[in-house]
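Those letters in the sequence shown? Residues 8 to 156, per this note's numbering, in order.
C-beta atoms are modelled at their ideal positions from N, C-alpha and C, and glycine is treated no differently.
What you are looking at is a predicted structure, and each value in this text was computed from that prediction instead of being measured.
Each remark here refers to the structure printed beneath this line.
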Amino acid sequence: MEHTYVMVKPDGVQRGIIGEVISRIEKRGLKIIAMKMHQIDEETAREHYKEHSDKPFFEPLVEYITSSPSVSMIVEGKDAIKILRSMNGATNPVEAHPGTIRGDFAIETGRNIVHASDSEETAEKEIALHFNDSEYTRYSRIDEVCLYE
Ligand code: IDP
Ligand code: MG
């Protein structure tokens, strides 16, 4: 099964949207196998967003993501990476469709509530960056027999 890294960013935590994000993931049928609240430190933030290090929004982005606690998750399921990206919606919430997390709860790109890995390679890197091996679980969910053919 595929794994992806998902984060409720500081604005999502501050605005009380953690439960909404978790609830959508659970109801979709995806399985949360690790979850924690933690304040991302500067070094980790720079590593997480290093592909954007030459962009004008990089420094404000590091400041935003380290500004208060985030909630990090590892989510498991068939096609979990693509599904989480589509549940989050477009990076710019103005472009994000209603029904997506960003399309329902956000206004600006720089405060877009959630993160999800964009590829298998990124997911592997982001999971290793934010979690130790001992922090995740393996279990079956009872509804898996109904979710998968
Ligand atoms: P993604 O989060 O949908 O993968 P990326 O293009 O990888 O989008 O950008 C990473 C994050 O950087 C975005 O989620 C957003 O928080 C921030 N960001 C991207 N572009 C801008 C911008 O033009 N202004 C402010 N923040 C931005
Ligand atoms: Mg990205």
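Comparing the CB of His10 with every heavy atom of the ligand IDP, is any distance shorter than 7 angstroms?
It does not: the Cβ of His10 is nowhere closer than 7 angstroms to a heavy atom of the ligand IDP.
Helix or strand or just coil, what does DSSP make of Glu83?
Glu83 falls in the strand class under three-state DSSP.
Thinking just about the alpha-carbon of each residue, which of Tyr12, Ala41 and Val15 is nearest to the one in Tyr146?
Closest by alpha carbon: Ala41.
For the ligand MG, is there any heavy atom lying closer than 7 angstroms to the beta carbon of Asp125?
Asp125 Cβ: within cutoff of the ligand MG.
Counting only the same chain and skipping the five closest in sequence on each side, list residues whose C-beta sits under 7 angstroms from that of Tyr155.
Closer than 7 angstroms at the Cβ level, and outside the excluded window around Tyr155, lie Lys85.
Using the three-state DSSP reduction, which class does Val101 fall into: helix, strand or coil?
Coil at Val101, not helix or strand.
Would you call the CB atoms of Val13 and Ile24 closer than 8 angstroms?
In this structure, Ile24 does not lie closer than 8 angstroms to Val13 by Cβ.
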